[in-house]
Amino acid sequence: MFPSPTPCRTTRRLPRRDRLAGRRAAATLSTSLALALAACATPVMQPSVDVPGRFAAASASVEEPEAAWWDSYGDPVLSDLERRAAHQNRDVQIAAERVRAARAGETISRSWLLPTVVIGANGFNHTTTYDTALKNFVPEAANTRAGQVGIGASWEVDLFGRLRAGAKASAADALAVEHSARGVRLLVLTDVATNYFTLVGALRQLDTVRAIAAAQDETLRLVRARERVGLATPFDVERAQTEASRTHAAIPPLETLAEVSRHRIAVLIGDQAFDAGSIVPSGVEAVVPPAHPGQPAELLQRRPDLLAAAAQLDAANARRQQAMAEWFPRLILGAVFGRESIDLNGVALGPATFSNVAGLIAMPIFNAGRTRAINEIAASGQREAVLHYEDAIVRALEDVENALVALGDERQRTQLLHDASGTAEAALGRAQSLYDRGQIDLLPLLDAQRTRLAVRALANDSSTQLLLDSVQLYKALGGGWQVFETAAAPDGASASGTSSNLNPAGGPS
1 MFPSPTPCRT TRRLPRRDRL AGRRAAATLS TSLALALAAC ATPVMQPSVD VPGRFAAASA
61 SVEEPEAAWW DSYGDPVLSD LERRAAHQNR DVQIAAERVR AARAGETISR SWLLPTVVIG
121 ANGFNHTTTY DTALKNFVPE AANTRAGQVG IGASWEVDLF GRLRAGAKAS AADALAVEHS
181 ARGVRLLVLT DVATNYFTLV GALRQLDTVR AIAAAQDETL RLVRARERVG LATPFDVERA
241 QTEASRTHAA IPPLETLAEV SRHRIAVLIG DQAFDAGSIV PSGVEAVVPP AHPGQPAELL
301 QRRPDLLAAA AQLDAANARR QQAMAEWFPR LILGAVFGRE SIDLNGVALG PATFSNVAGL
361 IAMPIFNAGR TRAINEIAAS GQREAVLHYE DAIVRALEDV ENALVALGDE RQRTQLLHDA
421 SGTAEAALGR AQSLYDRGQI DLLPLLDAQR TRLAVRALAN DSSTQLLLDS VQLYKALGGG
481 WQVFETAAAP DGASASGTSS NLNPAGGPS
């Protein structure tokens, strides 16, 4: 017969010490489980900015901006300078070295997830001299020689994900550095275009101002001739002299602007200012391409600064998880295996093997608030990363809106000035016809020439500004860096994915 399932009334009680130990173990287990559940509930923060469906300063468009936007201007010299800058610029190369260092840091962080294995060897020769009596006796000696060789391994078992979170944070940091390097490349590309169009505009304006100066000199010569025969006053001469001097004074700043732009381009392409004379514009009239801003949400996948901010937020989220794991126990395993030999006074005692296997569990109980402070720092860094990402998003949208407004307004101004230039050209033709028929003298004809040249100077300024505004738009849209990479750009939404193959040399590998 089997015994009755009814429990007995008398039970055997454990000793008090064993009961206390059991309670401590249960409390430790429950605490660990609670902390583990808290780790699973570690908040992952994301930005709360509402990205609009389209840009306010542009009509709805699904067409994305061209990647190699510098080619759309139709200037072969500009395209060549952009390629040279992308490969040879020193800032790009410095950023590539930062990427190499960040990737090495990621490797170091991942290495903590795996066991560490070391091999070691040591040996010693120990001689002891002693007297058999207090004094005046022949000393005797004991000579001990020993040698050891062994292999050891240590491994922290990542029970609660502390090391995995650290590796994830390091990977996100490396991705943020990669995106920052792409931002450097984008900045260099836009700087080259800006300085090239500044150079082209300055040279074009120099031709116009020199033509105006020549017209002013001719006016001054005619007024002086009229003064000599009594048809003009000294006031007329002084006024003409002032206009001529003012026009000539506008030439040196333009020459300076042209040379400074050349020097800047030379440095941007990895050369020296001394060799800037080799930078000669092609003479092709650059055409401003139509603006295709695309969708605002696409900025999050294209602008390097937004991609870097997203990766930094991923790193902050991972560090928050890593900080939460500081509350949990750590399990560290270690093992040593080896062989040793001992020789005592020339007598070999024979080889021997040794081994040692150990495990350590450590859990913070009291550390004067250090663990709590670590978590507060991580939480603050997490909130800061969210705010930084949100600020980067709204600033990026502001940059595009400003660039679209400036480009649109400058297009209108350029068109109006080109219309004015056309009417000034027509007026000069009529003045020339009247002068040829003897209906007006030379002064009205020269005034018409100066007016035409002055309007042309304004039109030149507007055309140059229109080109510069278009470059600013491409800079705000964040495109162009993808052209010089060997792989497609990453989505930038998470640092946990595989990053793109950013060529540290700055160009195709």
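Residue numbering for the sequence shown follows UniProt numbering, starting at 1 and increasing by one per position. For every residue, glycine included, the Cβ atom is placed at its ideal position computed from N, Cα and C.
Listed as beta-bridge partners of V51 by DSSP are no residues whatsoever.
CA-CA distance, M363 to E326, rounds to 9 Å.
Per the C-alpha coordinates, the member of P293, P65, V357 positioned closest to E398 is P293.
Straight through space, the alpha carbons of A250 and A448 are spaced by roughly 20 Å. Short of 6 Å from the beta carbon of R450, and not among the five residues preceding or following it, lie these beta carbons of its own chain, in chain order: A215. Judged by beta-carbon spacing, S72 lies within the 8 Å limit of E66, meaning their Cβ atoms are closer than that value. A Cβ-Cβ contact shorter than 8 Å links S48 with E390. For R303, there is no enclosing beta strand (DSSP E), as DSSP gives it neither H nor E. The three-state reading of DSSP puts P351 in strand, counting E and B together.
Counting only the Cα atoms, G74 lies some 6 Å from A286.
For R330, the enclosing beta strand (DSSP E) has its first and last residue at 330-344. Partner residues in the beta bridge of A146, as assigned by DSSP, are F124, I342. Of the residues T208, E218, L114, the one whose Cα lies closest to the Cα of V237 is E218. By the criterion of at least three beta-carbon pairs nearer than 8 Å, the region 409-422 is in contact with the region 457-469. For N460, the enclosing alpha helix (DSSP H) has its first and last residue at 442-477. Between L220 and Q241, the CB-CB gap stays under 8 Å. Contact between E82 and L199 does not hold, since their C-beta atoms are separated by about 14 Å, which reaches or exceeds 8 Å. Excluding its 5 nearest sequence neighbours in each direction, V284 has C-beta neighbours in its own chain below 7 Å: G74, D75, listed in chain order. Straight across, the Cα-Cα distance linking Q205 with E259 is about 14 Å. Contact annotation: the region 150-159 touches the region 330-337, with at least three C-beta pairs closer than 8 Å.
Within the same chain, Cβ atoms closer than 6 Å to the Cβ of A352 are found at E340, the five residues on either side in sequence being excluded. One alpha carbon belongs to A373, the other to R84, and they sit about 49 Å apart. Between M45 and V386, the gap from beta carbon to beta carbon is short of 8 Å.
Nearest in C-alpha terms to V455, of all of A426, A315, Q439, Q432, is A426.
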